[in-house]
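Asks: Counting in full-length UniProt numbering, the sequence shown runs without a single skipped number right up to 140 at its last residue. Ideal Cβ placement from N, Cα and C applies to all residues, glycine included.
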Amino acid sequence: MATTTAAQRKAAAKAHYNAFLAVCPSQQLLAQVSGKWVTLVLSALGSGPECDGEPRPMRYSQLARVLAGVSPKMLSQTLRSLERDGLVSRTATATVPVTVTYELTDLGLSLHQTVRQLKIWSETHRDAVAVHQAHFDATR
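#1: Residue 105 and residue 99 - do their beta-carbons sit closer together than 8 Å?
#2: Which same chain residues, not among the five before or five after residue 26, have their C-beta less than 7 Å away from its C-beta?
#3: Straight-line CA distance for residue 86 to residue 127?
#4: Determine, using beta carbons only, whether residue 78 and residue 38 come nearer to each other than 8 Å.
#5: In chain order, what residues of the same chain lie with their CB nearer than 6 Å to the CB of residue 129, ignoring the 5 residues before and after it?
#6: Would you call the CB atoms of residue 116 and residue 43 closer than 8 Å?
This is the structure:
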């Protein structure tokens, strides 16, 4: 078996996308899609205004109401980034004023269930984690 150089191993790692490797480009994508507002926007778009679990298009103002605490600038940046990544589509309808809706793409829908489960898990287990944190801090 022939030996490989470090450069060849790095190139091979990039070709197979192993996020555990420092040189893997999938690490950057993982960081992008795991951000707080990205996770919440994807979860909100995937659950509709009534949060019933059915993906629906939402207007910017609906998203702003659902995502309490998000600044207009952060919401705009997050939506723009998600659109650039192909996870969200933006549709402008010629009305007065212009109606803009955001909707998960097929790629965004493929990520939605994972993100939604992460949101549900954090809501369900927040108190247990707080107890463990307090215990840890008290023993240090």
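Replies: Based on what the coordinates show:
#1: no
#2: 17, 19
#3: 35 Å
#4: yes
#5: none
#6: Cβ distance < 8 Å, so residue 116 and residue 43 count as in contact.
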